[in-house]
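Read the structure below first, then the notes.
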Amino acid sequence: MSIVHERRSDSVLGHGADAEHAVLRPDGEDNELASGSSAGKWDQQRDSDSDALPSSARPALRRFGHHFFSEELSACRREYLKPVLRATILTLILTWASLPIYWGSLSAAAKLTGNLEAWVINRDPGRIGLSFENAILAAPSTGSGALWWRLVNASLAGDDDTIAQAIIGEQAWVAVVVSENATALLTAARASGDETYDPSSVFTVYYAQATNFDCAQARNEVATGTYMLPIVTSLLSNFTSTYATGSAQRFLATIIAEDGTVNTTALTNIARAPQTMTPGVGYHTVNLRPYTASVAQAVLLVGQIYLCIFTFIITMAHATARDFVRRYLIFSSYVAIRIVTPLILYLPLSLCYSMVSLAFKLPFGTRYTYGEGFLLFFAIIYLGMSAFGLALEAMTTLLTPKFIPFFLILLIIANISTAAIPPELQPKLYAYGAGFPFWNLQQAMRTIFFNTTSHLPTNAGVLMAWILLSCCTLACFTWLVRLREVRGAWVERGRGRSMKAPRDAKGKGTAERGKGGGDEKEKRGSGGYVDVVAVDAAV
Numbered sequence: 001m002s003i004v005h006e007r008r009s010d011s012v013l014g015h016g017a018d019a020e021h022a023v024l025r026p027d028g029e030d031n032e033l034a035s036g037s038s039a040g041k042w043d044q045q046r047d048s049d050s051d052a053l054p055s056s057a058r059p060a061l062r063r064f065g066h067h068f069f070s071e072e073l074s075a076c077r078r079e080y081l082k083p084v085l086r087a088t089i090l091t092l093i094l095t096w097a098s099l100p101i102y103w104g105s106l107s108a109a110a111k112l113t114g115n116l117e118a119w120v121i122n123r124d125p126g127r128i129g130l131s132f133e134n135a136i137l138a139a140p141s142t143g144s145g146a147l148w149w150r151l152v153n154a155s156l157a158g159d160d161d162t163i164a165q166a167i168i169g170e171q172a173w174v175a176v177v178v179s180e181n182a183t184a185l186l187t188a189a190r191a192s193g194d195e196t197y198d199p200s201s202v203f204t205v206y207y208a209q210a211t212n213f214d215c216a217q218a219r220n221e222v223a224t225g226t227y228m229l230p231i232v233t234s235l236l237s238n239f240t241s242t243y244a245t246g247s248a249q250r251f252l253a254t255i256i257a258e259d260g261t262v263n264t265t266a267l268t269n270i271a272r273a274p275q276t277m278t279p280g281v282g283y284h285t286v287n288l289r290p291y292t293a294s295v296a297q298a299v300l301l302v303g304q305i306y307l308c309i310f311t312f313i314i315t316m317a318h319a320t321a322r323d324f325v326r327r328y329l330i331f332s333s334y335v336a337i338r339i340v341t342p343l344i345l346y347l348p349l350s351l352c353y354s355m356v357s358l359a360f361k362l363p364f365g366t367r368y369t370y371g372e373g374f375l376l377f378f379a380i381i382y383l384g385m386s387a388f389g390l391a392l393e394a395m396t397t398l399l400t401p402k403f404i405p406f407f408l409i410l411l412i413i414a415n416i417s418t419a420a421i422p423p424e425l426q427p428k429l430y431a432y433g434a435g436f437p438f439w440n441l442q443q444a445m446r447t448i449f450f451n452t453t454s455h456l457p458t459n460a461g462v463l464m465a466w467i468l469l470s471c472c473t474l475a476c477f478t479w480l481v482r483l484r485e486v487r488g489a490w491v492e493r494g495r496g497r498s499m500k501a502p503r504d505a506k507g508k509g510t511a512e513r514g515k516g517g518g519d520e521k522e523k524r525g526s527g528g529y530v531d532v533v534a535v536d537a538a539v
């Protein structure tokens, strides 16, 4: 590198006539620039860089020679701040438009626990069963800490296996079963000193942690762990504690005679089986569908956000690539590549996504064979990626790549809001989630991973409906944009003819014809052309 001194007029530098300044030159250019050549490579590059600036600002600007708040950069600062402020304002609007959707989906959960259906099956005609029924009837039915308790006739409920299948089949969230003749069994155990008596057998709580209501461990902690189970266990703990105290008092009153003598045999039996007194009654839980694979959390909720991001990258790349061919394609061919190309690209992406999940040993073999489960997972991921990707592809036509990131955020939040917690714990507004991709992807994957009730035909149907809808909207939006472009081309053609007419009248211009025999082209601007044949074909 070398330093070359140049002289510029006052109109160039603005520092007085014949002001001199030093310019840093690349080595090898000194001779050319020092010789007085005004068309050197460095000057050409500098001039080209300043072409984008307002004409009033160009004369006073030097490369690498100003502070941000320099007076000469006032016009440039305005051009810099316009897109920054515009993006900030749009982001603020998006914040208020989208975040309340997600915030609102979680805000009322504690007050809506009364929508969670809970069964009580009482098989004990004695004091324990009747007392528990009264406790259930006295329990709150609305507001925080409430459940939708239903007393189910024991003869209609069936045996334990039938009840368990009902919970797995999503007929209720939880079932509390009072064991048959529980009061009589407790009385007999106290009287005989039965050491095998198990107080926890009095109540059995059936629930399914990984049912379709709960799609991920994080949401189990919110739905099952934070709301349902604490309410049930709190009610049972209070009841068993209160009942055990009263039952012990009644029993002790029977073994002490009016004259103060004590039934030593009864005391001996109590000493042999103290669990018949404390706690006397208890409960145990049965998790019918335990959440055994914590790694599934990666694909059930967060992984779907990644799917959206991956398809967004493909959409942006495809939008750039289309510009090379779209002006030369007829409408049907253009729409075809917009639909078919992404669908082909999603195949290897979906396969790679599935292979990563396979490497981390997701439980593909819970309901089906391991191979069948993997293929089903791959198919459902492909449908989900196609649903997301084609929706972005369609909206890119209207919003353009400049604004499509805002739609991406809205799409993710609208989907994830309905999948954050079960619909029973959300306002009715969020019932739309049943027709959105996130919810159906999660249901399908829970069926594959945890053998929950299968909704695979419905899930696949919803995803394919999204794909079909996106294809239709993409074609319509593309047709509207193409129609606008064709009309613009005809306007340019008309302007070209009106400008040529006076010249032809004077004999100074004739229409140009292409070598192919009839490809009429007319100049537009400085060297641009409108292909009339292509316009005719597009129309």
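If you count by the numbering used here, then the sequence shown holds residues 1 to 539, one letter each, in order. Glycine is no exception: its CB is placed at the ideal position from the N, C-alpha and C atoms. The structure displayed is predicted, hence computed values, not measured ones.
Is it the case that the CB of residue i approaches a heavy atom of the ligand FMN more closely than 8 angstroms?
i, result
"residue 103", "In terms of ligand content, the structure shown is empty, and the ligand FMN therefore cannot be addressed."
For residue i, does the three-state DSSP call read helix, strand or coil?
i, result
"residue 285", "strand"
"residue 62", "coil"
"residue 181", "coil"
"residue 424", "helix"
"residue 150", "strand"
"residue 329", "coil"
"residue 69", "coil"
"residue 277", "coil"
"residue 361", "coil"
"residue 193", "coil"
"residue 341", "helix"
"residue 434", "helix"
"residue 291", "coil"
"residue 246", "helix"
"residue 143", "coil"
"residue 367", "coil"
"residue 233", "helix"
"residue 458", "helix"
"residue 453", "coil"
Name the DSSP bridge partner or partners of residue i?
i, result
"residue 127", "In the DSSP output, where bridge partners are listed per residue, residue 127 has none listed."
"residue 206", "175, 286"
"residue 118", "149, 174"
"residue 256", "262"
At the level of alpha carbons, what is the spacing between residue i and residue j?
i, j, result
"residue 312", "residue 118", "42 angstroms"
"residue 470", "residue 171", "34 angstroms"
"residue 460", "residue 169", "19 angstroms"
"residue 176", "residue 300", "29 angstroms"
"residue 431", "residue 418", "8 angstroms"
"residue 398", "residue 98", "20 angstroms"
"residue 330", "residue 497", "25 angstroms"
"residue 466", "residue 336", "18 angstroms"
"residue 195", "residue 268", "12 angstroms"
"residue 404", "residue 71", "36 angstroms"
"residue 144", "residue 369", "43 angstroms"
"residue 273", "residue 157", "33 angstroms"
"residue 376", "residue 351", "11 angstroms"
"residue 77", "residue 87", "16 angstroms"
"residue 270", "residue 140", "36 angstroms"
"residue 239", "residue 133", "11 angstroms"
"residue 181", "residue 125", "7 angstroms"
"residue 304", "residue 438", "7 angstroms"
"residue 64", "residue 73", "12 angstroms"
"residue 478", "residue 463", "22 angstroms"
"residue 105", "residue 421", "8 angstroms"
"residue 378", "residue 186", "54 angstroms"
"residue 94", "residue 416", "16 angstroms"
"residue 285", "residue 295", "24 angstroms"
Between which two residues does the alpha helix (DSSP H) carrying residue i extend?
i, result
"residue 395", "370 to 419"
"residue 106", "74 to 107"
"residue 437", "437 to 450"
"residue 160", "160 to 168"
"residue 319", "303 to 322"
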